[in-house]
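Peer 1: Here it is, the structure, as structure tokens.
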Amino acid sequence: MSSLTPSRASMNVVSEPLVGSSRSLSATRRHKSIRKNSRRIYSAFQDHQQGSSDDEDKDDERVDSNDPEEMFQNIQYQKEIIANIRTRPWPMRRKLKVLKQAREIVLKYEGRLTRTRGYQTAGADLLKKISRGLYNIVVLFIPWEVRIKKIESHFGSGVASYFIFLRWLFGINIVLTIMTGAFIVLPELLAGAPFGTTRSKTIPKEHLASAQDLDTIWSLGGYLQYSVLFYGYYGRVRKIGSAGYRLPLAYFLVGMAVFAYSFIILLRKMAKNSRLSLASASDENFTFCWRVFCAWDYLIGNPEAAESKGAAIVNNIREAIVEEQEKKKDTSLAVLISLRILANILVLLSLAGSIYIIYFVVDRSQKLEQEKPELTLWEKNEVSVVVSLITMIAPSAFELVAQLEMYHPRTSLRFQLARVLVLYLGNLYSLIIALLDKVNSMSSAVQVVSGNWSDSSSFLATISQPDGDSLSTLVSELSISDHHNSTITTIATVLDITNSARSNLVAVSNQTAVFGKNTRSQQDQCWETYVGQEMLKLSIIDMIFTVASILLIDFIRGLVVRYLSDCCCWDLESKFPEYGEFKIAENVLHLIYNQGMIWMGAFFSPCLPAFNVLKLIGLMYLRSWAVLTCNVPHQQVFRASRSNNFYLAMLLFMLFLCMLPTIFSIVRYRPSQHCGPFSGQEKIYDIISETVANDFPLWFSKVTSYITSPVVVLPALLLLFMLIYYLQAIARSLKFTNNQLRMQLQTERTEDKKKVFQMAAARLQGPEAAADKKPDQQESDITSQEASIQTPSPRRNGSVTNFQSPVRCGNSLRTITQSASRADLNRGIVAGSVRNPSVTALPKHRLEHIPNRPPPFLGAPGGTSKSKSYHHMAFNPPAGYSDNINSEPLYRKTKCSINPMEAAGIIAAHSYGGRRGHTTRYVIVNEREPRKKLLRSATRIPRHYLMEESAEILELYPRNMKRYAARTAHHQPRPHQSHPSEQHLSEEEEEEEGQSRRRVSLGKAHRPRSLSDLRHQANFFIGDRAEGHLSGVKGAHPARGGYVAQKEDDLDDCEGDSGGLESPSCSQTSVKGADSVLVQTRCHIHSPGKPNQSTGRTRLMESYVRPKTRQKLDTPLTESDSGSLASSSDQQNSSTDQYIQVIHNKERYLKSDAKQSKIAKKKSKTSIDLNVDESNDLICSNV
Amino acid sequence: MGNKQTIFTDEQLDAYQDCTFFTRKEILRLHGRYHELAPHLVPMDYTNDPDCKVPLALIVNMPELKENPFRNRIVESFSEDGMGNLSFNEFVDMFSVLSETAPRELKAIYAFKIYDYNVDNYLCKEDLEKTLNKLTKEELTPEEVVLVCEKAIEEADLDGDNKLSYADFENMITRAPDFLSTFHIRI
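In order, the protein sequence lines correspond to chains A and S.
FYI, in our numbering the residues of the first sequence are -14 to 1168.
FYI, in our numbering the residues of the second sequence are 108 to 294.
This is the structure in structure tokens:
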């Protein structure tokens, strides 16, 4: 509520002059209405505050109803309140009160409703309670809340975003762990064949001795290799346990589900984030505003962080200032470009180098394995160590390189991120490719060996015979293998044989080199396990390196800097080593990389997610500890919210790329024959088709075969493509409209600014400043007030209104206006005064819309823009600087667009402006209300302001005061004008031109003259006016060939009327004449909108074509009404005038001049110039 | 969850949960914090809505607010008397608005109030200057301040009245990428 008071106060100020000028009654009344309206119109912001009281009122009102439907609605309404109360910006006390009330009502009346509804609501309540309880519990389990909060308070949201991201990843990994653990690992452990029962689950004897050695374990061999950690351990039995759990199938499905789940969760998160961040399309520029209002991170609660944040903000603002002042720095471009090229070459070289190194290392390790029976610790871990080293060192190298480039910090950060991401991806890819290559070469090596082997194998077979190992099958297999020597299957079988043979042989006979090789290759031959091992190894080594780097680079460095800074010759803390920075971006990238490894290896090593969970927990604690103890915040603040989706996008990218190798190997390679759940199958995915074929009813397999046949797949693909294309098209069009809207907004803003500038310039222009300036300023103030008041609502609607096609608006306008005018006519005599407002509104709209039809005049802008311009004009100071007119504020436009529709409503709304209006107005209002309620509220505001403006004018021009006062008093008289104006727009324009000029002249010419003089002149003029006026009109008709005869007639009538009125006034200044005159003048003067309009129109007039076209357009519409309208309006005026006269006898004379002049103008279409001159003269005389 | 001592009745907790973005636990924690501020003033038992207020000076010293350049304004704009004395209700309200889950519109409304130093419902130049000086601890030269204020108004002022109405402000702030993440205090 408090927010209302200022606006009220301002209105008081505005309306006070009115009160002063002997119109206390109407003034106060108007005042009230203004207040009322202002309250209603006041922005949503205020609405919120008021809303509460309204709601309470409503509560009270609604309680009484007994109609069940109503009651139900009431209850619904109350429930809405309950549901949304937390988002209302009320003080808590009110919220609690309203909540209590609403609850009571709901409770009290719910019982009266039908029973089912009662149950429903009771159920809903229960559900709500349960969900809230659940939520309360779940919140308890969100880990690290306090820790993150602490970090946030120290370093702000940027650093915290890393930890939140980490926590989120942790959550994902937990789910993945549960999936793999519950569906793969646990069943295998519980129901699968126990360790040592099958070949794939036993450690070969030769390795048994070293199986528990540390270095074997370290390289994930020995017991670890033959455990649930890796693919190879899982049995191939289709159903395990008493329940018949299909482990292989589950293995495959879970492997896929891991990817599916990750995708879904990622995409959902991204969608949510992007919804939160609105469509902030970055080219919306609020550089300074954001730097001022959004710079401070409210989370910061640590003095150091606050200080550095403050410094960062100062830097940031200074930077912006500098950027603003000189948009571009000119450093020598050639040097810069060459430097950048150099930098990029360096980066590319290092990328290529890292990829080569990785490939080389994998290759070497393979060779080593083949050549040496025993590998050293280094040789075993070479690959992962090298990869981790590269991932650790390269980013820093990139950072050094980036300094060469001298980009803006933000750009360089982006470059850095992109490069690091490429590096990580390159590493992972070269690693996996090298591994797969190794898998390939392994099998080919076996193949080569098998050539030499065939004879020995037969030998073996014979040897193994005594052992009774299903000899017959072996032999048969052998024979088959002999036949197809080269095929992989044979290799496998050969290996199989050697395998079985070996178990016997190894003990018995010494092995040749070939033998040794073969046995090893046989073990390695479980390539899935091998890949899984490598990934796990990589992950472990990566973790070690992370820990080491944290300890070394951050902790030790921090210690050194902290404690050795005293005994060093330079300042360690601020110069060279400094404290380690927490590089959010790199660290996040590292997390992403880590997650990529997990995804890549998860299929081959089901426990990888579980390991990752542990790793993330460790990382969380270590990192947060390190950050809090030995890091300083990064200087380049990486924008948190924007980066959120950036991180996620990278993660998604990573996920996709990491999924590819896995999918590739699943599809491309043959599963190992002796280990893993898919051994014995041609392809891993055969498990699905096999299951479908064996375990499902026949029809199902048929259906699946149909579904997977190209007949279905191709159309489905096509459909997908079409869908994508369609959605993309929609997105594009939306983007387009979005852009258009933004452009519109921008142009409006610039126009707005232009207008302000022009106003300022105009202010400076007038040499006789005092008189002119003041009004301008004040008016500008007023307009600004209006603007500010209106903006909230109009702007919101603005876009919507703008969308309406101008043509439609025009039509609606026309129809409305016509009806309105007719209504006015009917009421005419009684409520003549009422019409003014409507009239004013109408002409405007007309004008606006007309231009649309003949596009050439206005050019591109289209109807809406014009209408806007007109309105805008209206608001310009009466002095009517034509210059000012050009630019129009936003709100004007919106208002305009609204106005046309409500034209009729407006009439009613404005009617109360004048005295006359009071009684009549109510009637009208009532009639119109049902229809126009909404519209009216919007439209009313401007009117009020208009009035106020005029009031102010009074004050400003002390000399003219009386005149103005009178005019302001008689707002209604306008109708007179309005009718003609409706019919003949051009006339109005002319009049207004005249007015505006008069205005100008007022400012300058109103040197003191005696009142008597004025009167004389006035009278005199009236006479003249009438004559000139008539003549002018007549002259005009011929001049406008295009004019319709009827119109002319109407005009003549008008003239006649006016003439009649005036003639008495000439001789005696009869009441009628004077009044009418008054009315007219008033209309001109006090409708700030109008004068401005007029100026606007004058502008339009410059292009001759327009007026004619307009007339043409208008004539058909108004012809029928015009005659009657004119006459009626005159009558009305006269009546109103009489009234006025009674009240203000003194002022009458003064005004009469002006009025007369106006009358003349109105009626004479062509005699604009004459009128204008006259009016000027009049003014002078008046003053 | 069994609290030995009843601080709030269940209805009260429910009502608070309806009116804020907090969970039960958080409300209790908030009460704890509130109690800590002035142990002799604030009773532990809130079941009968005792009427007590903690003065601004104490609230401003909370670690969450201590470093905030706008701390006084924050507290003032949430207090009903405008002087910065907060009852528990207002205290909860404040942190509810500043909590992570509060919607952007709500935050924008209160942000506007906070930056509106002279409570005239417009952000005029003086408001901006004050904001800026608080933000930068008066490290900018007066010319720079004036320049920045002018620029800021020019950017966001849609209706050309040389000050920012709420609509202007909202329009600007809803497009700010990090408003949501930074206008946020974790309690």
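Glycine residues also receive a C-beta, built at the ideal position from the N, C-alpha and C atoms.
(1) Which same chain residues end up closer than 7 Å to residue 238 of chain S when comparing Cβ atoms and leaving out the 5 residues on each side of it in sequence?
(2) Can you grab the Cα-Cα spacing for the pair residue 182 of chain A / residue 368 of chain A, in whole Å?
(3) Does residue 263 of chain S get closer than 8 Å to chain A when you measure Cβ to Cβ?
(4) I'd like to confirm the pairing. Which residues does DSSP put opposite residue 617 of chain A in its beta bridges?
(5) State whether the region 679 to 689 of chain A contacts the region 238 to 249 of chain A, with contact taken as three or more CB pairs (one from each stretch) at a distance under 8 Å.
(6) Which stretch, first to last residue, makes up the alpha helix (DSSP H) that contains residue 337 of chain A?
(7) Report the neighbours of residue 134 of chain S on chain A: residues whose CB is nearer than 7 Å to its CB, in chain order.
(8) Exposed or buried, residue 188 of chain S, counting other C-beta atoms within 10 Å across all chains shown (16 or more means buried)?
(9) What do you get for residue 363 of chain A, buried or exposed, if any count of 16 or more other CB atoms within 10 angstroms of its CB means buried?
(10) So if I threshold CB-CB distances at 9 Å, which residues from the region 409 to 429 of chain A count as touching chain S?
(11) Closer than 6 Å by C-beta to residue 280 of chain S: which residues in its own chain qualify, once you throw out the five before and the five after it? Chain order, please.
(12) Less than 8 Å between the beta carbons of residue 251 of chain A and residue 637 of chain A, yes or no?
(13) Taking residue 222 of chain S as part of the alpha helix (DSSP H), name the residues at either end of that continuous run.
(14) Between residue 145 of chain S and chain A, is the shortest Cβ-Cβ distance under 8 Å, so that the two count as touching?
(15) Which ranges would you report for the alpha helix (DSSP H) in the region 147 to 205 of chain A if only whole runs of at least 4 residues count?
(16) Go ahead and pull the three-state DSSP assignment for residue 392 of chain A.
(17) Could you name the residues of the same chain whose beta carbon sits closer than 7 Å to that of residue 134 of chain A, not counting the 5 residues immediately before and after it, in chain order?
(18) CB-CB under 8 Å to residue 173 of chain A, same chain, minus the five flanking residues each way: which ones, in chain order?
(19) What is the DSSP secondary structure of residue 694 of chain A, reduced to helix, strand or coil?
(20) Going along the region 170 to 182 of chain S in order, which residues come within less than 8 Å of chain A, judged by CB to CB distance?
(21) Based on the DSSP secondary-structure assignment, which residues constitute the bridge partners of residue 160 of chain S?
(22) Which value, in whole angstroms, describes the spacing of the CA atoms of residue 293 of chain S and residue 209 of chain S?
(23) Buried or exposed: which applies to residue 77 of chain A, given that a residue is buried once 16 or more other Cβ atoms fall within 10 Å of its Cβ?
(24) Are any of the Cβ atoms in chain S nearer than 8 Å to that of residue 1125 of chain A?
(25) In chain A, which residues lie less than 7 Å from residue 197 of chain S when you measure between Cβ atoms?
(26) Taking CB distances under 8 Å as the criterion, tell me whether residue 288 of chain S reaches chain A.
(27) Considering only their Cβ atoms, is the gap separating residue 606 of chain A from residue 150 of chain A smaller than 8 Å?
(28) Please classify residue 875 of chain A: does DSSP put it in a helix, a strand, or coil?
(29) Name the residues in the region 105 to 121 of chain A whose C-beta lies less than 8 Å from a C-beta of chain S; which are they?
(30) Just tell me which of S:196, S:149 and S:157 has its CA closest to the CA of residue 134 of chain S.
(31) Comparing the C-beta of residue 282 of chain A with each C-beta of chain S, is any distance below 8 Å?
(32) Buried or exposed: which applies to residue 401 of chain A, given that a residue is buried once 16 or more other Cβ atoms fall within 10 Å of its Cβ?
(33) Can you confirm whether residue 356 of chain A, when its beta carbon is compared against all beta carbons of chain S, has any partner nearer than 8 Å?
(34) Assign residue 136 of chain A to one of three DSSP states: helix, strand, or coil.
(35) Which two residues bound the contiguous alpha helix (DSSP H) that contains residue 654 of chain A?
(36) Could you tell me the distance, in whole angstroms, from the CA atom of residue 405 of chain A to the CA atom of residue 380 of chain A?
Peer 2: Per the coordinate set shown:
(1) 222
(2) If you take the alpha carbons of residue 182 of chain A and residue 368 of chain A, they lie about 33 Å apart.
(3) Closer than 8 Å to some Cβ of chain A, the Cβ of residue 263 of chain S qualifies, so yes.
(4) Beta bridge pairing from DSSP links residue 617 of chain A with A:566.
(5) Because the criterion of three Cβ pairs below 8 Å is not met, the region 679 to 689 of chain A and the region 238 to 249 of chain A do not touch.
(6) 318 to 356
(7) Simply none; closest approach about 10 Å.
(8) exposed
(9) exposed
(10) Residues: none.
(11) 215 and 286
(12) yes
(13) 211 to 222
(14) no
(15) If you keep only unbroken alpha helix (DSSP H) runs of at least 4 residues inside the region 147 to 205 of chain A, you get 171 to 176, 190 to 193 and 199 to 203.
(16) coil
(17) none
(18) 213, 218, 219, 220, 225 and 232
(19) If DSSP states are grouped into helix, strand and coil, residue 694 of chain A belongs with coil.
(20) So the list reads 170, 171, 172, 173, 174, 175, 176 and 177, given in the order they occur along the chain.
(21) S:194
(22) Between the C-alpha atoms of residue 293 of chain S and residue 209 of chain S there is a straight-line separation of about 12 Å.
(23) With 16 or more Cβ atoms within 10 Å of its Cβ, residue 77 of chain A is classed as buried.
(24) Since pLDDT at residue 1125 of chain A reaches only 36, below the 50 mark, its modelled position is unreliable, and no value is offered.
(25) 76 and 77
(26) Closer than 8 Å: yes.
(27) no
(28) Residue placement at residue 875 of chain A is poorly supported in this model, since its pLDDT is 38, which falls under 50; the coordinates still yield a value, given next. Correct three-state label for residue 875 of chain A: helix.
(29) 117, 120 and 121
(30) S:196
(31) yes
(32) buried
(33) Residue 356 of chain A does not count as touching chain S.
(34) helix
(35) No alpha helix (DSSP H) contains residue 654 of chain A, which DSSP labels as neither H nor E.
(36) 6 Å
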